[in-house]
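Engineer: Please find one structure pasted underneath; my questions will follow.
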């Protein structure tokens, strides 16, 4: 048995390997090697969800995993970001604000969250990605990607356009149901 889960060396973070199969059931019959399609591994690994944010300090992407502390006041994540900083005086806060505690945890303020905070501010989650925060599950991995204001505005327009299309579709269905009933 190989020491690293079947691989010759340890996998580094974000390192990718092509997975191959032998024959129809992974080499049992000894057919020739053929690579699997790149995106056909659905169900084997849960995809890392990306949440976009507008940075307030540095433009650094970071990974975090959600904890059991999820409610309307905020969302708490475990993270490996450098947490060596001095605590600042309390300042106004908005929903979606990303803060880092002295212990290194990440907090995203929710709609019922506090109106002020003194932790280090990393950025603000763009409003187009707020629905992803609402659908968050415990111990899921998330990648926070810094974006600029133009990308945030474009993403919000895309979300509003999709909502308009869906609401128009629902109106058409309702009109058909009304016409069938009469």
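Numbering (the numbering used here), first residue to last: 1079 to 1260. We treat Cβ as the ideally placed atom computed from N, Cα and C, and that holds for glycine.
Which stretch, first to last residue, makes up the alpha helix (DSSP H) that contains residue 1076?
Structural biologist: Outside the shown range of the chain (1079 to 1260) lies residue 1076, about which nothing can therefore be said.
Engineer: Give the secondary structure of residue 1207 by DSSP, where H, G and I count as helix, E and B as strand, and everything else as coil.
Structural biologist: Reduced to three states, the DSSP call for residue 1207 is helix.
Engineer: Could you give the distance in angstroms between the alpha-carbon of residue 1138 and the alpha-carbon of residue 1198?
Structural biologist: Distance between the alpha carbons of residue 1138 and residue 1198: 14 angstroms.
Engineer: For residue 1138, name the three-state secondary structure that DSSP assigns.
Structural biologist: If DSSP states are grouped into helix, strand and coil, residue 1138 belongs with coil.
Engineer: Measuring CB to CB, does residue 1194 end up less than 8 angstroms from residue 1168?
Structural biologist: A contact, by the Cβ cut-off of 8 angstroms.
Engineer: Is the CB-CB distance between residue 1132 and residue 1230 below 8 angstroms?
Structural biologist: Yes, the pair counts as a contact, with Cβ atoms nearer than the cut-off.
Engineer: What are the start and end residues of each continuous alpha helix (DSSP H) run of 4 or more residues lying completely inside the region 1223 to 1260, in chain order?
Structural biologist: Segments of the alpha helix (DSSP H) lying fully in the region 1223 to 1260: 1227 to 1259.
Engineer: Considering only the alpha carbon of each residue, which of 1135, 1146, 1141, 1151 lies closest to residue 1157?
Structural biologist: Closest by alpha carbon: 1141.
Engineer: Excluding the 5 residues preceding and the 5 following residue 1147 in the sequence, name in chain order all residues of the same chain whose CB lies nearer than 8 angstroms to its CB.
Structural biologist: Excluding residues within five positions, the ones whose Cβ falls inside 8 angstroms are 1153, 1154.
Engineer: Write down the C-beta distance between residue 1262 and residue 1205 rounded to the nearest angstrom, noting that I regard them as a contact closer than 8 angstroms.
Structural biologist: Only positions 1079 to 1260 of the chain appear in the structure, and residue 1262 is not among them; the question remains open.
Engineer: On a CA-only basis, which of 1160, 1134, 1207, 1185 is nearest residue 1236? Give me that one, please.
Structural biologist: Considering only alpha carbons, the answer is 1207.
Engineer: On the criterion of 16 or more Cβ atoms from any shown chain inside 10 Å, does residue 1181 qualify as buried, or is it exposed?
Structural biologist: The residue in question, residue 1181, is exposed, as its Cβ has fewer than 16 Cβ neighbours within 10 Å.
Engineer: Should residue 1250 be labelled buried (16 or more other beta-carbon atoms within 10 Å of its own) or exposed?
Structural biologist: Under this definition residue 1250 is an exposed residue.
Engineer: Please report how far the alpha carbon of residue 1109 lies from the alpha carbon of residue 1218, in whole angstroms.
Structural biologist: Per-residue confidence for residue 1109 stands at a pLDDT of 46, beneath the threshold of 50, marking its modelled position as unreliable; no derived number is given.
Engineer: Using only the alpha-carbon positions, how far apart do residue 1144 and residue 1189 sit?
Structural biologist: About 18 angstroms.
Engineer: Can you name, in chain order, every residue of its own chain whose Cβ lies under 6 angstroms from the Cβ of residue 1220, other than the five neighbours on each side?
Structural biologist: Cβ within range, chain order: 1127, 1129, 1142.
Engineer: Output yes or no for whether 8 angstroms exceeds the beta carbon distance between residue 1209 and residue 1191.
Structural biologist: No, the Cβ-Cβ distance between residue 1209 and residue 1191 is not below 8 angstroms.
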